[in-house]
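To start, the structure itself, in structure tokens.
Number of protein chains: 4
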Amino acid sequence: MKDTPIVILNFKTYLESTGERALELASICQDVADETGVNMAVAPQHMDLHRVSEAVEIQVLAQHIDPVDAGGHTGSVLAECARDSGADGTLINHSEKRMQLADIEWVVSRMRELEMMSVVCTNNVMTTAAAAALGPDFVAVEPPELIGSGIPVSKAEPEVITGSVDAVKKVNPEVSVLCGAGISTGDDMKAAVDLGAEGVLLASGIILADSPRDALLDLVSKV
Amino acid sequence: MKDTPIVILNFKTYLESTGERALELASICQDVADETGVNMAVAPQHMDLHRVSEAVEIQVLAQHIDPVDAGGHTGSVLAECARDSGADGTLINHSEKRMQLADIEWVVSRMRELEMMSVVCTNNVMTTAAAAALGPDFVAVEPPELIGSGIPVSKAEPEVITGSVDAVKKVNPEVSVLCGAGISTGDDMKAAVDLGAEGVLLASGIILADSPRDALLDLVSKV
Amino acid sequence: MKDTPIVILNFKTYLESTGERALELASICQDVADETGVNMAVAPQHMDLHRVSEAVEIQVLAQHIDPVDAGGHTGSVLAECARDSGADGTLINHSEKRMQLADIEWVVSRMRELEMMSVVCTNNVMTTAAAAALGPDFVAVEPPELIGSGIPVSKAEPEVITGSVDAVKKVNPEVSVLCGAGISTGDDMKAAVDLGAEGVLLASGIILADSPRDALLDLVSKV
Amino acid sequence: MKDTPIVILNFKTYLESTGERALELASICQDVADETGVNMAVAPQHMDLHRVSEAVEIQVLAQHIDPVDAGGHTGSVLAECARDSGADGTLINHSEKRMQLADIEWVVSRMRELEMMSVVCTNNVMTTAAAAALGPDFVAVEPPELIGSGIPVSKAEPEVITGSVDAVKKVNPEVSVLCGAGISTGDDMKAAVDLGAEGVLLASGIILADSPRDALLDLVSKV
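Those protein sequences? They're chains A, B, C and D, same order as listed. Under UniProt numbering, the first sequence has 172 at position 172, and the numbering climbs by one with no breaks. Under UniProt numbering, the second sequence has 188 at position 188, and the numbering climbs by one with no breaks. Under UniProt numbering, the third sequence has 24 at position 24, and the numbering climbs by one with no breaks. Under UniProt numbering, the fourth sequence has 3 at position 3, and the numbering climbs by one with no breaks.
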């Protein structure tokens, strides 16, 4: 599960990664994983998750899971339903879906119980350290101002990555650090890995590329 | 679409209506609709929606749609994704997923643009009148204290139904009123229809019944 | 209470309207009300409200009240506490503090019970109609994209004002319509009143003016 | 500031601690601090904060501060306004006002910049460890199920206190651990301190007591 470096592609809610196009994109990720041997995972929208998980072998993550037990929670994403639908884990606390601290802890613990993968997103070194204390599989640090900017965190704010790696090592060395925000090229990813990251979380740089396949192949070309 | 009386079964996040069991339950609803001619719709969890919509002919509703356009909205439910997944419409503002007024308006308008059905849930006569002003297809009034109680609103608070019907007639007579909360038997539903409701929204009374099929057949037996 | 036209100055969280400067600004509003006879009200921050209410005779509104009864609600704004602190009413559902529909209804009803003034903010004609159905004293429509823009709604989107006035007349003619967003000059306010508004809700155009006193005198000079 | 053991009395939104009664209660806390030498702090409602801070010498905390800079944030609690109103610090993330992780970090950092005290509330050992990583002055752990229960955490779940103390020591030993939930007597407080807590956060056990003064005197009688 934690075969690193890992590339996690967050499909967000782009039309370019919705419905049939989600299936195509997931299939491209599968191909690139097969061709290059790099560990890849995809995080499609809730309603696309089941058919994506049926279509590919690589890991499929939910974009969010709600901190609720089965019962009367209309509109919520239930962990058991995610698992039944083929999810291998979930993103938690993405900057576009921020969660309360107590709820992050709840979902991380639930994922552990269900033997599913947890990737907690954070926005700076301090919140990365806090998230690491909860014991998820991964923490993915993304300075919000760089998300979707095309400016890679590994160049613009390398100290966020190294600071996160150091902080996590101190708080809970079993947690792996990923980074995101502005990552799209092989150079960006190599820089991230050189700074201590064990992978990347990315979205628009690949999804909106002229050729997502070429963009992915470039991304993983230097690691 | 507005063939009434309509029975909308909200699957919520019960394990009894998750995954394979969501498919079974939807199939039962299909059978009952076919056998009795009553218009039925189901609202499965997000991750179950696509396969449920592939399996049945009756209308399938999302439990919630977020007020967002396509783009960077990780974890949100995009209207276009719901439509691509086979949703014919959505519940909006369920008491377990309350929304801001501006967001309810956004989703009702978006459903209208996409020619999808909108069912706004409300909690009393005043909010029913407010919701009707937004012009959805249906308003479903459910006194929160009766939800999941087994005490039918049509008996415990008939004035909520008649008051809602009157208020909606005044504000926007094209909107149809449904009622929910505690409804489970044929007598409950008949009472609701007699009070002016054009259908019911229900959940646990059917989902947790020993035989959902028998419960549904009883529910629609007197209309 | 509903002596119109009314000018409501929302202090927001500007430093220019915090603490001692809130007192000064409220005092200026009092002076302008005294000099011109125009009905004015101020909405200071929660923590400034008590001393502002002690210092002026004009109406003082809370910026927000939470939908809670007395009890265990740490951090919430209790209606009774607002009243004890000297508030004559409250803004509800400001675009910077959007509320759920059910909660708006709760607070409007609570204000009615406590004989306090309610001003529900809305973002377009549809939500204005919905808010009017709840029976507040005022609905203040503010297209969000114009808030703080310096572009007056009365010029940029006059149809929002006339449409709101028409819609409210139909749903509940006892509700008065205010407008906001970009209003700062006498011409803006006159245009708003000519379009049917019974007053204005404004903030930065006055608070950040070189001379708030002069700006206010200009604002009310043509009505 | 961190003179321990400290007793923090959260006034919540009880009528018994609103308005004039907030002043009386704060004055009682002042008396008990003077008589016993125990460090006490009070956390009144936002609208009561300024007059309470004018009336007493002991520390006054806000119940909540919003993660916003000065500007357009109607209805929010601005850190600068709290400071100007006499607040010496704030509770953060109380179980009745849960916050997002990124926002907790923002407010803790802001309090540090303004040299104000920060008390982050948490619900279990894991979230306590996470909160400690953010470097607040205090973490106050309160199992939610015991809040307002009358069953003291120091008896019902002593391992939550010792586990929190151990976890915080590992993550950031400069942070002090308080505990809350169900604490009301001298025995409860002594047990908490014996387990490693440096003080208590409490509310209803004192506020709703027949004699808050006697209850407070009893509370601090054994430390």
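For every residue, glycine included, the Cβ atom is placed at its ideal position computed from N, Cα and C. Just so it is clear, the structure is predicted and the values come from calculations on it, not from any experiment.
Range covered by the beta strand (DSSP E) that runs through residue i
{"i": "Gln59(A)", "result": "59-62"}
{"i": "Gly199(C)", "result": "199-202"}
Residues sharing a beta bridge with residue i, DSSP
{"i": "Ala43(A)", "result": "Asn10(A)"}
{"i": "Ile92(C)", "result": "Val120(C)"}
{"i": "Ala140(D)", "result": "Cys121(D), Leu178(D)"}
{"i": "Gly71(D)", "result": "Thr13(C)"}
Proximity of residue i and residue j at Cβ, strictly below 7 Å
{"i": "Gly186(C)", "j": "Pro5(C)", "result": "no"}
{"i": "Ala181(C)", "j": "Pro143(C)", "result": "yes"}
{"i": "Cys29(A)", "j": "Leu9(A)", "result": "yes"}
{"i": "His73(B)", "j": "Thr13(A)", "result": "yes"}
{"i": "Ala197(B)", "j": "Val177(B)", "result": "yes"}
{"i": "Cys81(C)", "j": "Met189(D)", "result": "no"}
{"i": "Leu216(C)", "j": "Val32(C)", "result": "yes"}
{"i": "Ile183(D)", "j": "Leu195(D)", "result": "no"}
{"i": "Ala133(D)", "j": "Thr122(D)", "result": "no"}
Backbone CA spacing between residue i and residue j [nearest angstrom]
{"i": "Thr36(D)", "j": "Ala26(C)", "result": "42 Å"}
{"i": "Val120(D)", "j": "Glu174(D)", "result": "14 Å"}
{"i": "Arg110(D)", "j": "Ala167(A)", "result": "21 Å"}
{"i": "Ala135(A)", "j": "Gly163(D)", "result": "The residue asked about is misnamed: residue 135(A) is Gly in this sequence, not Ala. For Gly135(A) and Gly163(D), the distance between alpha carbons rounds to 15 Å."}
{"i": "Arg83(B)", "j": "Gly86(A)", "result": "21 Å"}
{"i": "Asn172(B)", "j": "Asp137(B)", "result": "10 Å"}
{"i": "Lys170(A)", "j": "Ala102(D)", "result": "20 Å"}
{"i": "Val153(D)", "j": "Asp214(C)", "result": "59 Å"}
{"i": "Ala62(D)", "j": "Gln100(B)", "result": "27 Å"}
{"i": "Glu20(A)", "j": "Gln45(A)", "result": "12 Å"}
{"i": "Gly71(D)", "j": "Asp34(A)", "result": "51 Å"}
{"i": "Thr128(C)", "j": "Asp218(B)", "result": "42 Å"}
{"i": "Asp66(D)", "j": "Leu23(C)", "result": "22 Å"}
{"i": "Glu57(C)", "j": "Val7(C)", "result": "15 Å"}
{"i": "Phe11(B)", "j": "Ile151(B)", "result": "19 Å"}
{"i": "Ile104(D)", "j": "Val223(C)", "result": "47 Å"}
{"i": "Cys179(B)", "j": "Pro158(B)", "result": "10 Å"}
{"i": "Met116(C)", "j": "Ala79(A)", "result": "45 Å"}
{"i": "Leu114(B)", "j": "Ala55(B)", "result": "22 Å"}
Contact set for residue i: own chain, Cβ-Cβ below 6 Å, skip 5 residues either direction
{"i": "Val220(A)", "result": "Thr36, Val38"}
{"i": "Val68(C)", "result": "Ser76"}
{"i": "Asp3(D)", "result": "Asn39"}
{"i": "Gly148(D)", "result": "Ser204"}
{"i": "Lys97(D)", "result": "His64"}
First through last residue of the alpha helix (DSSP H) which encompasses residue i
{"i": "Leu216(B)", "result": "212-219"}
{"i": "Val186(B)", "result": "Contrary to the premise, residue 186(B) reads as Gly rather than Val in this sequence. It spans 186-194 - the alpha helix (DSSP H) in which Gly186(B) sits, taken as one unbroken run."}
{"i": "Met111(A)", "result": "101-113"}
{"i": "Thr162(D)", "result": "158-171"}
{"i": "Val56(A)", "result": "Note, Val56(A): premise wrong, no alpha helix (DSSP H); not H, not E."}
{"i": "Ala26(D)", "result": "20-36"}
{"i": "Ala82(B)", "result": "79-84"}
Chain-order list of residues whose beta-carbon lies under 8 Å from that of residue i (same chain, five-residue window excluded)
{"i": "residue 296(D)", "result": "What is shown of chain D runs 1 to 223, which leaves residue 296(D) out entirely."}
{"i": "Leu15(D)", "result": "Arg21"}
{"i": "Ser60(B)", "result": "At residue 60(B) the sequence reads Val, which differs from the Ser that was named. Ala26, Ala41, Val42, Ala43, Pro44, Leu49, Val52, Ser53, Gly86, Ala87, Asp88."}
{"i": "Val165(A)", "result": "Val177, Leu195, Gly196, Ala197"}
{"i": "Asp208(C)", "result": "For clarity, residue 208(C) is Leu in the given sequence; the question names Asp instead. Around Leu208(C): Tyr14, Glu16."}
Cβ neighbours of residue i in the same chain (closer than 7 Å, five flanking residues each side left out)
{"i": "Val160(B)", "result": "Asn124, Val125, Val141, Pro143, Val153"}
{"i": "Ser95(C)", "result": "Cys121, Asn123, Glu142, Pro144, Ile147"}
{"i": "Pro212(B)", "result": "Leu25, Ile28, Ile206"}
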